[in-house]
Structure formats: C-alpha cells, structure tokens
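Undergrad:
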Amino acid sequence: MLMLSSKFVRRMSSLFVQQPSFSGSTPNLSSLSAAEEAGHVQRARHFVQNEVIPSSSHFDSTGEFPWPWVRRAHALGLMNTGMPAEHGGIGLPLAAKVGIFETIAYGDIGLGTTLMVSELSQQPLLYAGTLEQKQKFLLPMLAQPLLASFAVTEPEAGSDVSNVSTSAEPSEDGTFYVLNVYSKVLKLSNDANSSSFFRFFVLARTAADPATPAKDAFTGFIVERDTPGLTVGEKERNMGQRCCDNRMLFLQNVKVPAANAVGRVGGGFRLTMRAFDRTRPVVASMACGLQQRALDEAAKYAAERRTFGKPIIEYQGVSFKLAEMAMHLEASKGLVKRAAKKVDAQAEDAVYFASMAKCFACDAAFQAASNAVQIFGGNGFNEQFPVEKLLRDSKTLQIYGGTSEIQRVVIARELRKKYGNGGDQPTVAAVPTPSSQL
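Quick note: the sequence shown uses full-length UniProt numbering, first residue 1, plus one each step.
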C-alpha cells in the first residue's frame, strides 16, 4: 500500500482543488525562468555523467531494471516533468522538457524510454481526467518514485491503434466495465512486477457496433496493478534498450470501476493520439542524445586511432561520415525544437512537425550509430566498446511511438491537406517570400 504523509496529501489536494481541470488546454505551462529550466538540464547532465554512464553496461548485460537510476531521477526532480506546477510538478513546457530527455538518452536511452513511457501514461489524465482521478493516480507519482505504463499496442494491430481488439463491456448497473483481450496481448514498458509500479493506461473498444468510427469507438481506462484477472508476462530479452522492462499484459474478465474511465466514453482514441503527438518530440530528443553520443565516441576514437602513420579522422572516408553525423544531428535538434514549440502552442501543424521530428531524428540516430560502428571497425563489433550498444539501442527508435513508415504516412497526409485539398483537387500553393526580402 502506498503511504503518503498527511502534510503532503493536504498540500497537494489543495493544489488540485485550485486547478481541477485544464479545460482542454495544453497541460504544460511553465512559470519557471530560463535559468531554472537550464538547471534541470544541468542536474540531468551531472546525473548522467556520474551515475548513468558508469553503470550503463551493467544493466545492458544483466537486463536488470535500473531502479537505482529511477529513484535517483525522482530525487533530482527529473521525473514527472510534464506535471503542471499548480499540481505540484515541475511544469516544464515541452520545449524545455526535450532538453532533459536528450541529456538522459546520451547516457542510456533505455532510461529515457522508461521515464518517457511513464509520463506518456499521465497525459490522458492531464488532458481529461477528473479531479478524483488526478488525486488518486497522479499524487502518488509525485510523492514516490512510482512508474506507470501505456498499454495500447497489440501484436496484430501494431501502429494501427484503430484496430485494437481489447474489449470493455459495461455492467448492467453501469458501475464497472469488464475488460478482455481475446487471444491477444498488450505491450508495456516498465517493471510491472515491482511494488513501485502501480497502474496502466489501457485502450479498449467500448462501441458494440464494429462500424463505429475509431474516434468514437474506444475508451481509455486506468487499470491498477493488483486488479484480479490482470496477468503480466515474463520480461522479454530485446535487441537493445535492455534495461527497459517489456512484457505482455493479459486481461481476462478484468473488472474496472466506471470511475476509472478517462474522459468521455468513446473518446479514448483521440486521447491516445493526442498523447502520442505530445510524446513524439520527446522520442526525437532522445534520438538526438544518442546521435550526440555516437558522434562524440566516433570522433574521439577517430582522432586517437592511427593507421598508415596518421589519425583515421584525416581520411576522407572517415571524416565525411563524421560530417554527415554532425549535420544530421543539428538538423534533428532544429526539428525537435520547432516541433516542441508547435505542440506547446497547439499549432494547427503541430502533428506535422511532431511526426517529422520523430521520423528524421530516429532514422538519423540509427544511421549515426551504424557509422560509429563502422568507424570503430572491428572494435565497433566488440562489447568492450560503447558503440555496438548504441546501434542496438537505436533501432527501436524507428519502431515504437509510431514507426518511421507511419510518420511518413502522417506527414504525407498533412501535405495532401495543405496542397491537395484533401487529396482530391490540386491547389496552387502561395508563393513564399524570398529569404532575402524577409
């Protein structure tokens, strides 16, 4: 059982009462100064250099969940970064939050993924949760280093969230829903067998008519870890990001109180998509952190490694790879910053830039890690050197949070809206002002 001090509960409850909802607005409006925001990044940098990097290979080789890192991150105020300040959190806007995640991913992107998934699970509550839900499911995460998960992906549905088969049927008296996954399972991330893990956000179909549009067919539910009928599978041994805890979640006649439905019944799909859109710049920022690490390791090695009497960085074949890595890194950072600002401002084209940042930065991260391995040569294939782990860790960036292919689908769809009038009738785009005349 979670034990919160009465003083903490009174203080936090008063904050929730003062601001019970967000009225549909973005929940991350910061009152922090630029110096205070930079302070969070500086603490993250110190944490990464002194605690994460020295033990990263241990958690990679053993597959142990990095609870020491999680507890330390919580103590340093690096968790729950999107929780509004009026609710007791840091209240960082996305434009500042991405700096923290880029820094953490430089040390170990698996830790970044762990913290990102937990914050992803908070987004539906921040957008549409009731006062009671926020008090019950968000307060504990501020008081203790607790984690949650976003259980949405199914093996047969993949990136097609509209094809999720998890069902939720209401009871006759309307007091609860019964959730089931028929011969399917849900993916999650985080150590769900730990006492420090306490809830899932689960998307389930509530519409009886299979022809109901996705935007009205699904509802999001908060499912607590100890709910009867909920079973967590064994930890999977993945190619990379091995400190993450990926398991299957099985639901069999799981009774969830109707009070645990998030937002309106039938509105879960849009809540889920909105949460993903807000998270994609964060994933892209982590890809930047990995790119930076790959560039640093490769450039340092190339400057020290000598063949035929000179450092290999002086060979065009090597130096061009480093130049390409540097260009892609800076382009990725620029896209991340622009996407984060667009999402913070709830701009009309926020989804377009969020998908673009996620796709470009994650593809660039995989290429950067591959280039680093190539520059290291035989040593790049050796676990005694850091770049082989970077290559393994980078691949999943192109898969989770919406594959690179899905991001291209989204980008192309937005372009059709802008230039093709929905893809039906071509339109003439406005002539842009030359940069020399701006």
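Ideal Cβ positions, reconstructed from N, Cα and C, are used throughout, including at glycine.
Can you give me the start and stop residues for the alpha helix (DSSP H) that K342 sits inside?
TA: Here residue 342 corresponds to residue number 342 of the sequence shown, with the count starting at 1. K342 -> alpha helix (DSSP H) spans 316-344.
Undergrad: Is there contact between the segment 163-179 and the segment 198-213, where contact requires at least three CB pairs shorter than 8 Å?
TA: yes
Undergrad: So, with DSSP's three-state summary, where would you put E234?
TA: Looking up residue 234 in the sequence shown gives position 234. Correct three-state label for E234: coil.
Undergrad: Following the continuous beta strand (DSSP E) through Y177, name the residue where it begins and the one where it ends.
TA: The sequence position of residue 177 within the sequence shown is 177, counting from 1. From DSSP, the beta strand (DSSP E) with Y177 extends over 176-180.
Undergrad: For the putative contact between A105 and M286, defined by C-beta atoms under 8 Å, what is the C-beta separation to the nearest angstrom?
TA: Here residue 105 corresponds to residue number 105 of the sequence shown, with the count starting at 1. Here residue 286 corresponds to residue number 286 of the sequence shown, with the count starting at 1. Right, their Cβ atoms sit about 4 Å apart.
Undergrad: Tell me which residue opens and which closes the beta strand (DSSP E) that E224 is part of.
TA: Taking the first residue of the sequence shown as position 1, residue 224 is located at position 224. From DSSP, the beta strand (DSSP E) with E224 extends over 218-224.
Undergrad: CB-CB under 6 Å to F353, same chain, minus the five flanking residues each way: which ones, in chain order?
TA: As a working note, residue 353 is residue 353 in the sequence shown. Answer for F353: R338, A339, K342, listed in chain order.
Undergrad: In whole angstroms, give me the CA-to-CA distance for S332 and N180.
TA: Start at 1 with the first residue of the sequence shown, and residue 332 comes out as number 332. Start at 1 with the first residue of the sequence shown, and residue 180 comes out as number 180. Between S332 and N180, the C-alpha separation is close to 40 Å.
Undergrad: Is there a Cβ of chain E sitting closer than 8 Å to that of Q384, yes or no?
TA: Although the question refers to chain E, the structure presented lacks it and comprises just one protein chain.
Undergrad: Using a 10 Å radius around the Cβ and a threshold of 16 neighbouring Cβ atoms, would you call S118 buried or exposed?
TA: What you label residue 118 is simply residue 118 of the sequence shown in a count that begins at 1. With 16 or more other CB atoms across the displayed protein chains lying within 10 angstroms of its CB, S118 is buried.
Undergrad: Could you spell out where the alpha helix (DSSP H) holding residue 439 opens and where it closes?
TA: Residue 439 lies beyond the residue range present for the chain, which begins at 1 and ends at 438; the question has no answer from this structure.
Undergrad: What are the start and end residues of the alpha helix (DSSP H) that includes S171?
TA: If you number the sequence shown from 1, residue 171 lands on position 171. From DSSP, S171 is part of no alpha helix (DSSP H); its letter is neither H nor E.
Undergrad: For T227, which residues from the same chain have a beta carbon less than 8 Å from its beta carbon, with the 5 sequence-adjacent residues on both sides left out?
TA: Within the sequence shown, numbered from 1, the residue matching residue 227 stands at position 227. Once the five neighbours on either side are set aside, the close Cβ partners of T227 are V254, K255, V256.
Undergrad: Within a Cβ cutoff of 7 Å, which residues of the same chain sit near R305, ignoring the five residues on either side of it in sequence?
TA: Start at 1 with the first residue of the sequence shown, and residue 305 comes out as number 305. Answer for R305: P311, I312, listed in chain order.
Undergrad: In chain order, what residues of the same chain have a beta carbon less than 6 Å from the beta carbon of A96, not counting five sequence neighbours either side?
TA: Position 96 of the sequence shown, counted from the first residue, corresponds to residue 96. Answer for A96: E37, listed in chain order.
Undergrad: Taking the C-alpha atoms as reference points, what is the distance between E86 and F376?
TA: Numbered from 1 along the sequence shown, position 86 holds the residue referred to as residue 86. Numbered from 1 along the sequence shown, position 376 holds the residue referred to as residue 376. So the two alpha carbons sit approximately 49 Å from each other.
Undergrad: Quick check on E236: buried or exposed, where buried means 16 or more other Cβ atoms within 10 Å of its Cβ?
TA: The count along the sequence shown starts at 1 and reaches residue 236 at position 236. The residue in question, E236, is exposed, as its Cβ has fewer than 16 Cβ neighbours within 10 Å.
Undergrad: Looking at the structure shown, is L32 part of a helix, part of a strand, or coil, going by DSSP?
TA: Within the sequence shown, the letter at position 32 stands for residue 32. It is coil, neither helix nor strand.
Undergrad: When we look at the beta-carbon of H328 and count the other beta-carbons within 10 Å, is it buried (16 or more) or exposed?
TA: Taking the first residue of the sequence shown as 1, we reach residue 328 at position 328. Under this definition H328 is a buried residue.
Undergrad: Can you tell me whether DSSP reads N382 as helix, strand or coil?
TA: For this step, residue 382 is matched to residue 382 along the sequence shown. N382 falls in the coil class under three-state DSSP.
Undergrad: For the structure I just gave you, are there three or more beta carbon pairs, one from the segment 346-363 and one from the segment 281-296, closer than 8 Å?
TA: Taking 8 Å as the limit for Cβ pairs, the verdict is that the segment 281-296 does touch the segment 346-363.
Undergrad: Mapping the DSSP letters down to three states, classify V351 as helix, strand or coil.
TA: Taking the first residue of the sequence shown as 1, we reach residue 351 at position 351. V351 sits in a helix when the DSSP states are folded into three classes.
Undergrad: Once DSSP output is grouped into helix, strand and coil, what is the label at G267?
TA: Along the sequence shown, one-based indexing puts residue 267 at 267. Strand.
Undergrad: How big is the Cα-Cα spacing for Q367 and A298?
TA: For the purposes of this step, residue 367 is taken as the residue at position 367 of the sequence shown. For the purposes of this step, residue 298 is taken as the residue at position 298 of the sequence shown. Each residue's Cα considered, the two are about 13 Å apart.
Undergrad: Would you mind sorting L131 into buried or exposed? The rule is 16 or more other CB atoms within 10 Å of its CB.
TA: Here residue 131 refers to the residue found at position 131 when the sequence shown is read from its first residue. Classification for L131: exposed.
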